[in-house]
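Peer 1: The structure under discussion is supplied below as structure tokens; questions concerning it will follow.
Residue numbers (this note's numbering): 79 to 253.
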């Protein structure tokens, strides 16, 4: 069994561009595979913060006396309508021959959040690298893969994205 690298794109069109540049021609259900790489994709967000009623039944109806809604920790849930693709990504991340994950979602805070929440919800603990490109031409993709960065370098970007999402949840749940 050869060691493979899983590449997570934000959307199918970018996944196809990445797969083309990385010679991943074998089609699977929700992924493309080659000798070295497996490319799969999110459909935007596959994971989000749980709705208020997940924390307490009284939050099913919006009542002023129940505000503010401030759970001690916010929970991540798989979005129902994209659950099938989440399961595809999860299955690929958990493959025994996958030894590394490359986050290839959009270069920015939200792209980082899309990938990290999936990784967190899957509970996978494999080394993470980050592809940071602004173009999906074959040349840009290959150059980007020659300059992959350690995922740890993007922890602050991820923390910033989580903070924004949690603040939005608290503010939008109380207004």
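The beta-carbon is built from N, C-alpha and C at its ideal position, and this holds for glycine as well.
What do you reckon, are the CB atoms on residue 254 and residue 209 nearer than 7 Å?
Peer 2: There is no way to answer for residue 254, as the model of the chain reaches only from 79 to 253.
Peer 1: Residues bridged to residue 208 by DSSP?
Peer 2: 181, 227
Peer 1: Secondary structure at residue 193, three-state DSSP: helix, strand or coil?
Peer 2: helix
Peer 1: By Cβ distance, which residues of its chain are closer than 6 Å to residue 82, with the 5 residues on each side in sequence left out?
Peer 2: 116, 175, 176
Peer 1: Looking only at its own chain, which residues have a Cβ that is under 6 Å from the Cβ of residue 236, when we skip the five neighbours before and after it?
Peer 2: 190, 194
Peer 1: For the alpha helix (DSSP H) containing residue 70, list its first residue and its last residue.
Peer 2: As displayed, the chain neither begins before 79 nor continues past 253, which places residue 70 out of reach and without an answer.
Peer 1: Quick check on residue 126: does DSSP put it in helix, strand or coil?
Peer 2: strand
Peer 1: Which two residues bound the contiguous beta strand (DSSP E) that contains residue 87?
Peer 2: 82-87
Peer 1: With a CB to CB cut of under 7 Å and the five nearest residues on each side skipped, what residues in its chain are close to residue 114?
Peer 2: 82, 83
Peer 1: Under 7 Å, do residue 206 and residue 222 count as touching if we go by C-beta distance?
Peer 2: no
Peer 1: With DSSP collapsed to three states, give me the class of residue 114.
Peer 2: coil
Peer 1: For the beta strand (DSSP E) holding residue 96, just list the boundary residues, first then last.
Peer 2: Element bounds for residue 96: not the beta strand (DSSP E) but the alpha helix (DSSP H), 90-99.
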